[in-house]
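Accompanying notes for the structure given below.
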Amino acid sequence: MANQVQMTFWNYNSFKDYKPHMLRDWIELGITLPILPMFVMGRDSNEDLIAILDDAQSLGVQVLLQINTMFVDCIKDFDAYRVEVEKVHSTFGKHPAVYGYYVGEEPNINSQTAYFECTKIIKEIAPSAAIYTNFGSIERTERMMLQGKQSLDEWVGKFKDYSGNDIIGYGCYSGLFRDNTGSFEHFYNLNTFVEAAKKHGVDVWATMLSSAHDYYRVPTEDDYRWQINTCVACGCKGIVWFRLYDKLVAGDYRASPIDEFGVKTQHFYDMARAQKKFNIHYGKLFGRLTHISTHGVGVSYGGYPYFVPAGPDEAGAVTELISHADCRAGLISFFKDEDGTDYIAVLNTDTVNSYHMTLTYSAKVERADMVYYDEKQLNCHVDRKGQVGDLRGQSFCLAPGQMEVIKVTRTK
0 MANQVQMTFW
10 NYNSFKDYKP
20 HMLRDWIELG
30 ITLPILPMFV
40 MGRDSNEDLI
50 AILDDAQSLG
60 VQVLLQINTM
70 FVDCIKDFDA
80 YRVEVEKVHS
90 TFGKHPAVYG
100 YYVGEEPNIN
110 SQTAYFECTK
120 IIKEIAPSAA
130 IYTNFGSIER
140 TERMMLQGKQ
150 SLDEWVGKFK
160 DYSGNDIIGY
170 GCYSGLFRDN
180 TGSFEHFYNL
190 NTFVEAAKKH
200 GVDVWATMLS
210 SAHDYYRVPT
220 EDDYRWQINT
230 CVACGCKGIV
240 WFRLYDKLVA
250 GDYRASPIDE
260 FGVKTQHFYD
270 MARAQKKFNI
280 HYGKLFGRLT
290 HISTHGVGVS
300 YGGYPYFVPA
310 GPDEAGAVTE
320 LISHADCRAG
330 LISFFKDEDG
340 TDYIAVLNTD
350 TVNSYHMTLT
360 YSAKVERADM
370 VYYDEKQLNC
380 HVDRKGQVGD
390 LRGQSFCLAP
400 GQMEVIKVTR
410 TK
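Quick note on numbering that gives the first Met the number 0: the sequence shown kicks off at 0 and runs consecutively.
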């Protein structure tokens, strides 16, 4: 499990075109765990890759490797695959800058056996390495891989038990539909993947959209913030952006953070603001928090229940901290840290409008502090100071996708 929420991106650059400034661009953008360009064993220079790893180490970041011989989809000879993984790991994998490997994309019913076997092989050879695979949206996963033969929950459990891997990835871009009708699907995917992951002890990394194409709109700073915060507030531990670079020949893909001429666009700086602000305030905090439950306020999407204080469900022991919540389009999520301390995330789920969220804390709350700078700064929201009964907090004014985090001290 990660000690911070990881930010990365699909890297479609050719290894031969890599330039040292690129790593610095990614760091400037707020990427915490870059995926390097695809390295082809026997063609590309080992020394060049090691030089990149040395540079990453000097800059204080780790990376995920893309190695052609480790990609899973077409693998049938698992003994030969083991030999290739051992070669890669002995050559590159022990470098301190290597966090793990990206090994596959959207398995189908015919290739899923290879994902089980190959991931298990990598874990046996490199037990501490993170292994990232994207399984596609729940709709695509159900259609292409599960095909009614098992649920996602069952599949995740079998995958974890067999392979030992503790990361699953998916992608869903519907939050950026041009007509803003995609919120249900966005949150449905979050709800489905995160609940399955929590049950089986794995992390979820969500692929979100940083380029315009097809019926998805050109992303704005609000959109970047909305995608990051909704995913994290619902329990994700990683964000994978699609896609960072435009290409001269690329269909209708456009408005990426870096254009087809290698120039940073306005979207680069919009994304950097949203991503770096999250990293500074919440990146490490949410890396160690455990998601308990998410509830809609005013509206609710994706199958999440509406907020009910001290409700009858298993989350009631946490929701009892709030006796009233009011927002036109909001979300409340409850978390705990390893010591059992309660944290509450409140968020505006509207993609266009700013809204207020007002909380009233129950008699079980002694103090509530707003959290900034990964808990180095705590701003008092309410303090009981001998009062009895409910405590009405100040109203949070939230931009689209803006999140505030509250640390709760319970009454004794």
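Cβ atoms here follow ideal geometry from the backbone N, Cα and C, with glycine treated the same way. Computed from a predicted model, the values in this text were never measured in an experiment.
### Task
Assign Gln393 to buried or exposed, taking buried as 16 or more other Cβ atoms, counted over all protein chains shown, within 10 Å of its Cβ.
Residue 393 sits at position 394 when you count from the first residue of the sequence shown. With fewer than 16 other Cβ atoms within 10 Å, it is exposed.
### Query
How would you call Asp53, buried or exposed, if buried means at least 16 neighbouring beta carbons within 10 angstroms?
Counting from one through the sequence shown, the residue named residue 53 turns up at place 54. Answer is exposed; the Cβ neighbour count stays below 16.
### Query
With burial defined as no fewer than 16 other Cβ atoms inside 10 Å of the residue's Cβ, what is the status of Phe267: buried or exposed?
Here residue 267 refers to the residue found at position 268 of the sequence shown. Per the 10 Å Cβ criterion, buried.
### Message
Give me the DSSP bridge partner(s) of Ala205.
### Response
Position 206 of the sequence shown, counting from 1, holds the residue named residue 205. DSSP output for Ala205 lists Tyr169 and Ile238 as bridge partner(s).
### Task
Could you check which residue in Ile49, Glu104 and Phe14 has the C-alpha nearest to that of Phe38?
Here the question's residue 38 lines up with position 39 in the sequence shown. In terms of CA proximity to Phe38, Phe14 leads the group Ile49, Glu104 and Phe14.
### C-alpha gap between Thr293 and Ala316, whole angstroms
Translated into the one-based positions of the sequence shown, residue 293 becomes position 294. Translated into the one-based positions of the sequence shown, residue 316 becomes position 317. Roughly 13 Å between the two C-alpha positions.
### Query
Is DSSP giving Ile66 helix, strand or coil here?
Counting from 1 along the sequence shown, the entry for residue 66 is found at position 67. Of the three classes helix, strand and coil, the one that applies to Ile66 here is strand, per DSSP.
### Message
If the criterion is Cβ atoms closer than 8 Å, does the pair His290 and Asp373 meet it?
### Response
Within the sequence shown, numbered from 1, the residue matching residue 290 stands at position 291. Within the sequence shown, numbered from 1, the residue matching residue 373 stands at position 374. Not closer than 8 Å, so no.
### Query
Do Gly237 and Thr7 come within 8 Å of each other at the CB atom, strictly closer than that value?
Here residue 7 refers to the residue found at position 8 when the sequence shown is read from its first residue. Here residue 237 refers to the residue found at position 238 when the sequence shown is read from its first residue. A contact, by the Cβ cut-off of 8 Å.
### Local Cβ density within 10 Å of Lys93, reported as buried at 16 or more and exposed below that
Taking the first residue of the sequence shown as 1, we reach residue 93 at position 94. Exposed.
#### Entry: Simplified DSSP assignment, three categories, for Arg409
If you number the sequence shown from 1, residue 409 lands on position 410. In the structure shown, Arg409 sits in a strand (DSSP, three-state: E or B).
### Task
Give the range of the beta strand (DSSP E) segment to which Met270 is assigned.
The count along the sequence shown starts at 1 and reaches residue 270 at position 271. Counting along the chain, Met270 falls outside any beta strand (DSSP E), though it belongs to the alpha helix (DSSP H) covering Gln265 to Phe277.
### Query
Bridge partners of Phe334, per DSSP?
Here residue 334 corresponds to residue number 335 of the sequence shown, with the count starting at 1. Its beta-bridge partners are His290 and Tyr342.
### Task
Return the CA-CA distance between Arg287 and Leu346, expressed in angstroms with no decimal places.
Start at 1 with the first residue of the sequence shown, and residue 287 comes out as number 288. Start at 1 with the first residue of the sequence shown, and residue 346 comes out as number 347. Near 20 Å, if we compare the C-alpha coordinates of Leu346 and Arg287.
#### Entry: Any 3 or more C-beta pairs closer than 8 Å across the segment 329 to 346 and the segment 384 to 392
no
### Query
If you run the structure through DSSP and keep just helix, strand and coil, what is Gly295?
Residue 295 sits at position 296 when you count from the first residue of the sequence shown. In this structure, Gly295 counts as strand in the three-state DSSP scheme.
### Task
Per DSSP, which residues does Val404 bridge with? Please list them.
Taking the first residue of the sequence shown as 1, we reach residue 404 at position 405. Partner(s): Ala344.
### Message
Suppose the cutoff is 6 Å on Cβ atoms and the five residues either side in sequence are ignored; what does the same chain contact list for Gln412 look like?
### Response
There is no way to answer for residue 412, as the model of the chain reaches only from 0 to 411.
### Task
Output yes or no for whether 8 Å exceeds the beta carbon distance between Tyr98 and Val62.
Counted from its first residue, the sequence shown places residue 98 at position 99. Counted from its first residue, the sequence shown places residue 62 at position 63. Closer than 8 Å, so yes.
### Supposed contact pair Glu365 and Thr408 - C-beta distance, whole angstroms, cut 8 Å
Locating residue 408 in the sequence shown gives position 409, where the first residue counts as 1. Locating residue 365 in the sequence shown gives position 366, where the first residue counts as 1. Contact flag correct, Cβ pair sits at about 5 Å.
### Task
Count the other CB atoms, across all protein chains shown, that sit within 10 Å of the CB of Arg224; report buried if there are 16 or more and exposed otherwise.
The residue labelled residue 224 in the question sits at position 225 within the sequence shown. Under this definition Arg224 is a buried residue.
### Query
Can Ile26 be considered in contact with the ligand ADP, in the sense that its beta carbon sits closer than 7 Å to one or more heavy atoms?
Ligands are entirely absent from the displayed structure, and the ligand ADP is therefore not among its contents.
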